Every structure is written in structure tokens, then in C-alpha cells.
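Single-structure report; data block below.
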Amino acid sequence: MEIELLGPMTVRRADGTVVTPSAPKRRALLAALAVRLNQPVGAEELIELVWDGAAPPTARAALQGHVAALRRRLDDPRLVLGTRGGGYVLEGDADRVDLVRFGALHDRAGVLLPGSAARLGADDPAVPLLRAALDLWRGPALADCGSELLRTRTLPDLTDLRLRTLDRLAQRLLLAGRGGELVAELGEAADAHPGRQPLAARLVQCLEQAGRGLEARARYDLALTRLSGPPGPELRLAGEQLARHTPPDRRFVGRAAELAGLHEALAVAARTGRPILVTGPAGAGKTALVQHWAAQRFPDGVLRADLRGTHPDGPREPADVLAGFLTDLGVDPEAVPAGLEERAARYRALLADRRILILLDDAADHPRLAPLLPGRPATAGSVLGPVAVVTSRDRLRELLLHEDALALPLGPLNAEDARALLARGLGPDRPATAPRTAAELDELADRCDRLPLALRLAAARLAARPDWTPGDLAAELADEQTGLTALAGVGGGPDPSGITAALNRTYRKLPPAAARLFTLLGLHPGAVIDTATAAALADLRPAAARTLLTALDAVHLLAETAPGHYARRELVRRYAAGQAAELDCEERFGALDRLIAHYLELTAPWGPDGSGDGEGGGDGADGGGDGGARPAPWFRREESALRAVVLCAEQYGRTGAAWQLAHRIGRLYELSGDTGGEDRAHRRAVAEIGLRAAKAARDDAALARLGTDLAVLHVHRAAHRTALDQLAAAVAAADRAGDALLRHHCRRRVAAALARAGQYDRAVPLLTELVTAARAPAAGHLLVGALTELAEALVRVGAPDRALAHADEAVRLATDRTARGRSDPARPGAERSGSGGSVRTDRAAVLATHGRARALHALGRRDAALSSARLAVALGRTVGDPAVEARSHGLLADLLFAFGRSVEGTEARRRERALAAGER
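In this note's numbering, the protein residues as written are 1268 to 2187.
Okay, here's the thing in C-alpha cells:
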């Protein structure tokens, strides 16, 4: 009979039959005696264990009953339950209880000297003993033994013995060159017991011996992140061995283009003495790149100095750096010259004709660098001399100017390299090539801005949490308030690691004015900031703002992507937002008010009083009511920022600004080409914010405008009943405001949206009502647009006769209005050009001609349709609106292709596209 305790408690007969007691207290009694096989256990202790420290007065009598029952069950003469003194003892061979057998195997293996493995190689007799001991474990020991108190008292020592057995086996296998066999078990144990440094060290060694250097490095890094203090001797030794045995490229990922750039620069630098400048933002991996590149490339060695350009204590003095260099070059410390110039001269003399790399790391400025640069050769030639490589977060333009440095800018990793770096944290059981994992790694890399420092921190965090997916960590980083803390690194003291710490070092070196601007930019929600916006935020003149933006660009907190336009990485934006949160309320609210006012000014052309709204002086008759103004090219760049500013305005109680911006943004979406999907969701969110603000402001005209914006969006998603209900509410608000013109435009925009959505049966009745309303004398200036849009819709519903009648009327009215404008240029709808003084055609006349051409085409009157289309093209040239002219060419192209005249149609289409692209 055997008793198994290294897993769920099981009692087996010799034939394999399971006879485990079903009563928990009998299992607890048998387990307590089996753990102490051949040792007497007192009755009082047994009572305490069996009843988990809560024994009743009748426990002693009950214990005797349980003992009697177990004696009947134990029918093996090699396993006997006897009485000893005031207690009981379970007597038998060690092989009868797996827990006892485990300890015996461990002890037998321990008497074999470790050195024997080196002599015996794979035949080390300790290995099978230790393996047999570990194989006895089937799961958590003493599971279901019936006594939690017994488990609590027994497990710590038992677990410690198991881990020591595993460690001993790892040592023996490493000596035999077989460390890779134990990687899986060591990994599981290291994760379960992160505080045991020897176990982590053995895992690193086994992985390295198995040729899995990247995993060994990841495991070593993970072990360091789990420490509350410095590493112990075994873990430190494992790290040193790893550093010696792992080739540089096993620790370095990617940067093929940058490495090639360094190689090309080397040929020039070695012959001319020009320094190489590697510059980039905090965390870009500048030093790692140079060290990886320099390995085995410089036969005379490397001189490296950390110049501490961003260190809290300030940069090092060049004289001190030179003293260290001279000592490294063999100068007796007592013979080092006293003065800076003497040290620099001796240093350059010693460097002459040596193939040596001088790595000047974290440089602050050119004056401190100049004495550390090797001398220039008298003439550039074939003799290769020393090469200086400077790394800095500053662009060091003075070094480029005065030393003709060879610049190598370093930015984020590419997507493939970033994914490979993150994959280190996954471990062997989570392949990075699985489609979902690869996609999550890409998302996580983007959250890290694909900067090596952030990626390494993320990889370590993944490795420390094997139950997390990359998507889980990406979601943590996405949190606006706490995301940066997930990349905080380890260690404390005056110079901690992590993204925030790295950015702190750059921020602390900024001049006060630049630091203030950077902080205020934290209130701006966009990725790209132009000079005018920065000036508004900081209440500066544009020239002063541009100077400070240039200073921020110099240290890679911003990047000038186009003249006057500065991009920033997401991690920098979050860091700046954290700095801005520390501003006092008065300064923060003042800056936000200036930002809101700035965007109100930019979007003014698309407001209720601007030409873009279609509610003012022109018909805006184009099938969509877009008015004459076209969206500025900055809209798509600023779109996300504008959305955020709308929400900010609402949250800070600027309700008037919130609804105005929301309405204007909706118009800009419409005019710049709504792409659907995410665009549509953003438009709806903005419109809903604007509607809330309009309600809070109790402004009926605003409610009408924002309600119409939402109605149009409901049409886009085919919620036509909801759209019409929303429209009715908007029209009612316009009526309460007493604004008949606004009421007309609300209905007209929804009708146009219905037509665009193909809901002509819904659009036609609404447009018919608009035409009737526009025939009133006070609304006559709206009639041309209403007739044109109705004509377009009637063509679509198969009523070309009625469509032609309405289009003809629209053309006649528009032509008459244009003629009146020529006789009286001051009349609305007429406009003089700035060059020749000729009067431009009313754009409504062009669009009415479009409707006439389509109606004629639907009636089969091909020649007349083409004639009208060509007239629209001719008229379009006089309007002064490239969009209208482009639409005229598009109409002509459609008809030509429909009539089989593809050559002419192709040319008309080319003209349409050229005009749409801004080409004349």
C-alpha cells in the first residue's frame, strides 16, 4: 500500500486500487502520521491537526475511533499504524509514502559530489535521482488532505525542499551541458516564486546554454524588475556570464538603416576627423546603437564618457573628462597636466593615428564638447584616425556649424523591429507570430511610440505578468490619466529609469520661457501644433512663440514637420498634459479661453454669420447647401484637436463657444468629404456635445442648428424616422427664435441629406414644401436653390418632365438675377473680380444649369443635355469657385461617357480632378 501526498491525497493498494478514506478527518489523521513516517505523534497534536485547531470535548474519543478505522483499512504489513507512548506512529518503508521518498532521493543525490558530473558527463548518477524525486510531484502537495492546519505547517519546508531539489538538478545538468532540459520547469517555478534569486539565475543560465539568448536576457531583465534591492551574487553572476557569452546582436534589435548610416559616416569621419552626431529624443536608444555598432570595429578600443548633459547635477566639466581619458590612455595620474588646454593637447597627441572610438555620451552643448574632440588631420588622406561619436537629446546645431559634424538623427523603430523587441516579453509559450498577438503587439508598440526605452519597459512588464496579453497592456497604456505610470521602470534615487524620468531630465534643462510654453501646450489635445495656436495658448506674439517652439524642437520635445508646424509624440503629449495639470486654475483657464477663442476665429467662415453656413447672403444651391467657402487645409490635421476643444469648452462652462465650434466642425466635416465610419461617429459625438451646450445656453437658434446637424447624421445612418423627428424639433426651435430663414435652411439641409442618401421619395415632399415657401416675397432669394434641388430629386424619382420645368425656372431666375447684378453690382448675388472688373456669374445659375442638363438627359434629349453641360462649364469659369467649376466638368464627363464619347469624357474627367486638387 502507498500513500501519495505530493498532489491530491491518494491511498493505493499494491494492485492500484484506490482506497483513500472518504472522511476528511480520517484523511487528515493519516496524512499527519504519513508526513512523520516512523516518528511518533502525540495525541494532542493529532487532535489539533485533525480538527484544524477547533476540537470539541469529545475529540479524544473520536480520535481513537478514527485510528481503529484506519487500522482496518491499512491491510499492508509493511505499513502499520501503532501506538507509541501518549500518541500514535505510522511505521513502514520510506517507499510507502511519496513525500518521504522524495526527501530520501534528494538526500541520496546530495552525497554525490557536484564535480563528478564534469567527469561523468551525461552519466552523472545524481541526475536520475533528482529527476525521480521531482517526478513524484503531481500538483499542489497535501491537496484535499482534510487539514488546512497541516498544510500550513508542512508546505513551507516541503516547498523549499522541492525548489532546492530543482536548483540542484539544474546545477548538475548545467555541468553536463544539458541545462536546456529544465527550462520549462525552472520558468514555472521562477514565476511562482519571484523572490528566489538563485532560481532565476539558474533559469537564465539554462536558457543561455540552450542557445536561447534573447529569452535569457528577457528573463534576467524580468528578474531585476522583481527585486526590491540590488541583485544577489548568483543572479549578478548569471548576468555577467550572459553579457560575456551573448553576442551584441543577440541583445540589439533592428536599426538596419541607422547602422548602415553609421558605417557610411565612419569612412568619412576616420579620414577627416569630423565628429558623428547621433541625436534623438529621450529613449530612442542612441547609446545602445553606437555601442552595438562599435563592437569589434575599433581595434584600439573605445573611450567612453557620460557627459551627463541632462543629469540633475549638471554636466561634467571637460577637464575632468580629459583627466579620465588620459588615465585610460596610459598616462600616470600624477603626470596628468593641470590645465584644460594642456590636457586637451596631450589627449590629441596620444590619439593621433589610433583606430579608436571616442564615445561622448549625453552631450549638453558645443563649448563643453570642443576640448574632447580629437584633432583634425592636416589633410584628409588614407590613414584612418580616431573617430568621435557624440550622442545628445539636443540637435546641437553649433556642432554641425562649427565642426561640420555628420548628423545621424534617430527616431522610433519601424513596426517590425518594435514588434520583435516587444516579443521578448512574451516568453516561449506565447508566439509573437499568432495573428491576434501580432496585431496586439503592433498596437502596444504604437502606444509606446515605438521608442526602444518604452518598448523595453513594456516587454519587461509583459514578462512579469505572463497571464497578460499585449492587448491588456496596450489598454493600460491607453488610459489618459495613468498610462505613463505603466512605463515607470524600476529603481529610485536621484536618477530613476522610466519614460517620465527620461522626459523629466529633458524638461528640467529648458529655459523658463520654453518650459512655460511646453507646459501650456499640454492643454492642447492635438498631435500637431502650429505657431499661431501656440502663440494664442501662451499669449505670445507669433515671432516669440516661433523662437520657443524652435527651442523645444532642438531637444526633440517637438519636431518641425513643416514650416511653422510642430508634431509631438503621444508620450510627450501625455507628459506635457501632466505638467499642465499642475498649473494654477487662473493660468490654466486663461490659456484654455485663449485656445477656444483661437479656434472660434479660425472657424468663423463656417459659422452662422460666415459664408460657409449657407444661411447668409447666397443661395448655396449645390444639392447640399455648402455655401461658397471651402474648408481650409488645416481641418483634417486639426480635426481631433477641434473635437477635444469642443468637449473642453462644454466641461469648463463655455457653452456658447461649445455649440458654435460644434456646429462649425459639423459643416467642415461635410465640406471636406465625410468618409463615413469613424468620421461619422466623431461628427455625431461633436453634434451631441453641441446640442447639450445649446440646451445649457437656452439658445433656440443654436438648438435649431445643432438639432439639424444631428438630423443630417441620422439620415446618414438610415434612421429616417429619427431624423424627421429631430428636424421637427429643430424647426420648432427656429420658430421660437423667430427666424424664418433659419427654419428654411434647417429643412433644406435635411432634404439634401435625404437626397444624398438616395431617399428621394422622402426628399421630394420636403423640397416641394421648401419651393412653395420660397415663393413668398420675403423668401424669394431662396427660390433658385430650392428649385434646383427639387429638380435634381425629381430626376432621381423618374419625373424628368417636372424636373425640367423646375430647372428651367431656376435657370431663368438665376439669369435674371445675374443680369440685375451687372446693372447694379451692389446687389446681393453679384460680385466683381479683382482683376478685370468683369462681373462673375452667380454660382446658383451654374448649379441650376446642372439640374437642367440632367433633366434633359433623363428625357433622352442628348444634344440639348450636352449643350447645357457645356454652358455650365463656361459659366463655372466665371464663378471664382474651383469646386463649382470642377463639378461642371464632372457633369460633362458623366454625359460624354454615357453617350459613348470616351476620349472627350476622359479629358473632362482630367479637368475635374485637376480642379479638385487645386490645379488650374
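Note that the Cβ used here is the ideal one computed from N, Cα and C, for glycine as well.
Quantities reported herein were computed from a predicted structural model and do not represent experimental measurements.
Just mark residue i as buried or exposed, buried being the case when its beta carbon has 16 or more other beta carbons within 10 Å.
i	result
residue 1373	buried
residue 1825	buried
residue 1880	Confidence in residue 1880 is poor, its pLDDT being 44 and thus under 50, which makes the residue's placement unreliable; the coordinate value appears in the next sentence. Under this definition residue 1880 is a buried residue.
residue 2084	buried
residue 2067	buried
residue 1684	buried
residue 2196	In the structure as shown, the chain begins at 1268 and stops at 2187. Residue 2196 is therefore absent and cannot be evaluated.
residue 1927	buried
residue 2142	buried
residue 1900	exposed
residue 1332	exposed
residue 1922	buried
residue 1269	buried
residue 1954	buried
residue 1839	buried
residue 1460	exposed
residue 1352	exposed
residue 1278	buried
residue 1658	buried
Leaving out the 5 sequence neighbours to the left and right, which residues in its chain are closer than 6 Å to residue i when beta-carbon positions are compared?
i	result
residue 1715	1721, 1722 and 1725
residue 2071	2122
residue 1291	1413
residue 1552	1719
residue 1581	none
residue 2057	2034, 2038 and 2073
residue 1892	Residue placement at residue 1892 is poorly supported in this model, since its pLDDT is 39, which falls under 50; the coordinates still yield a value, given next. Only 1881, 2015, 2016 and 2019 meet the Cβ criterion.
residue 1792	1908 and 1911
residue 2060	2022, 2027, 2030, 2031 and 2034
residue 1406	1274
residue 2053	2037, 2038 and 2041
residue 1738	1707
residue 1522	1556
Who are the Cβ neighbours of residue i in its own chain at under 8 Å, not counting the five residues just before and after it?
i	result
residue 2075	2119
residue 1607	1585, 1586, 1589 and 1638
residue 2169	2163
Might you give, ordered along the chain, the residues of its own chain that have their beta carbon closer than 7 Å to the beta carbon of residue i, omitting 5 neighbours on each side?
i	result
residue 2009	1882, 1968, 1971 and 2001
residue 1702	none
residue 1382	Residue confidence for residue 1382 is low, a pLDDT of 48 falling below 50, so the modelled location carries little weight; the figure read from the coordinates is stated next. Within the same chain, residue 1382 has no close Cβ partners at all.
residue 1501	1464, 1465 and 1468
residue 1326	1314 and 1318
residue 1844	1789
residue 1676	1546 and 1547
residue 1614	1589, 1592 and 1593
residue 2160	2172, 2175, 2176 and 2179
residue 1370	1428
residue 1633	1663, 1665, 1666 and 1669
residue 1223	With the chain covering only 1268 through 2187, there is no way to say anything about residue 1223.
Looking at the secondary structure, which residues open and close the beta strand (DSSP E) in which residue i lies?
i	result
residue 1628	1624 to 1628
residue 1311	Looking at the DSSP string, residue 1311 is not in any beta strand (DSSP E); the run it does join, the alpha helix (DSSP H), is 1310 to 1317.
residue 1713	First-last for residue 1713: 1702 to 1714, but that is the alpha helix (DSSP H), not the beta strand (DSSP E).
residue 1414	Neither: residue 1414 is in no beta strand (DSSP E) and is coded neither H nor E.
residue 1594	Note, residue 1594: premise wrong, no beta strand (DSSP E); alpha helix (DSSP H) at 1585 to 1595.
residue 1659	1654 to 1659
Which residue marks the beginning of the alpha helix (DSSP H) containing residue i, and which one marks its end?
i	result
residue 1930	1922 to 1939
residue 2055	2050 to 2063
residue 1673	Here residue 1673 belongs to no alpha helix (DSSP H); instead the beta strand (DSSP E) covers 1673 to 1676.
residue 1277	From DSSP, residue 1277 is part of no alpha helix (DSSP H) but of the beta strand (DSSP E) over 1277 to 1279.
residue 1905	1901 to 1918
Exercise for the section: Scan the region 1473 to 1554 and note each continuous alpha helix (DSSP H) run of 4 residues or more that stays entirely inside, going in chain order. Expected result: For the region 1473 to 1554, the full-length alpha helix (DSSP H) segments reaching 4 residues or more read 1480 to 1492, 1500 to 1512 and 1523 to 1539 along the chain.
Problem - Runs of beta strand (DSSP E) lying entirely within the region 1739 to 1819, each at least 3 residues, in chain order - result: You should have 1795 to 1797.
Handout entry: Runs of beta strand (DSSP E) lying entirely within the region 1329 to 1371, each at least 3 residues, in chain order
Key = Within the region 1329 to 1371, the beta strand (DSSP E) runs of at least 3 residues that lie entirely inside it are, in chain order, 1346 to 1351 and 1354 to 1359.
Problem - Segment contact flag, the region 1807 to 1818 with the region 1776 to 1789, C-beta cutoff 8 Å, min 3 pairs - result: With the cut-off at 8 Å, the region 1807 to 1818 and the region 1776 to 1789 touch.
Handout entry: Cβ pair count under 8 Å reaching 3, the region 1439 to 1448 against the region 1415 to 1423
Key = Taking one beta carbon from each stretch, the region 1439 to 1448 and the region 1415 to 1423 have fewer than 3 pairs nearer than 8 Å; the two do not touch.
Problem - Continuous beta strand (DSSP E) assignments of at least 3 residues falling wholly in the region 1987 to 2031 - result: Whole beta strand (DSSP E) segments, 3+ residues: zero.
Practice task
Counting only runs of 3+ residues fully inside the region 1815 to 1846, write out the beta strand (DSSP E) ranges in chain order.
Solution key: Runs of the beta strand (DSSP E) lying entirely within the region 1815 to 1846, each at least 3 residues long, are 1826 to 1829 and 1832 to 1834 in chain order.
Exercise for the section: Write down every uninterrupted run of the beta strand (DSSP E) in the region 2143 to 2179 whose length is 3 residues or greater and which is fully enclosed by it, in chain order. Expected result: List check, beta strand (DSSP E) in window: nothing returned.
Exercise for the section: Decide yes or no for the touch test of the region 1292 to 1308 against the region 1349 to 1362: beta carbon pairs closer than 8 Å, at least 3 of them. Expected result: Yes: the two stretches touch, three or more of their Cβ pairs being nearer than 8 Å.
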